[in-house]
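Data block below; observations after.
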């Protein structure tokens, strides 16, 4: 599931924020290092929430600093949703 989440987040970054598709994103990439200002970072979270039909809480939003953080929080939400649906 983690690989799927990562690829969908990469797709969002390429499509909506024009991050070059040849740029290899790893979990250590800070959102600010990808030329995303704070407003764009909030937009990224919004796109991820819509893509996966999840909602980040305020604490998670504050703690998302890297691509890895975003993948971890998204995967966690999806795992919880899957457990509830089972």
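Numbering (the working numbering), first residue to last: 61 to 146.
Cβ coordinates follow ideal geometry from the N, Cα and C atoms, glycine included.
How long is the line joining the alpha carbons of residue i and residue j, rounded to whole angstroms?
| i | j | result |
| --- | --- | --- |
| residue 71 | residue 139 | 21 Å |
| residue 82 | residue 74 | 10 Å |
| residue 114 | residue 136 | 10 Å |
| residue 109 | residue 80 | 22 Å |
| residue 77 | residue 94 | 10 Å |
| residue 87 | residue 133 | 12 Å |
| residue 61 | residue 116 | 18 Å |
| residue 99 | residue 63 | 26 Å |
| residue 92 | residue 129 | 13 Å |
Would residue i pass as a contact of residue j if the rule is Cβ separation under 7 Å?
| i | j | result |
| --- | --- | --- |
| residue 127 | residue 85 | yes |
| residue 68 | residue 103 | no |
Which residue or residues does DSSP assign as beta-bridge partners of residue i?
| i | result |
| --- | --- |
| residue 135 | The partner list for residue 135 (beta bridge, DSSP) is empty, contrary to what the question assumes. |
| residue 90 | 126 |
Measure the beta-carbon distance from residue i to residue j and round it to whole angstroms, keeping in mind my assumption that it falls under 8 Å.
| i | j | result |
| --- | --- | --- |
| residue 152 | residue 124 | In the structure as shown, the chain begins at 61 and stops at 146. Residue 152 is therefore absent and cannot be evaluated. |
| residue 66 | residue 131 | 5 Å |
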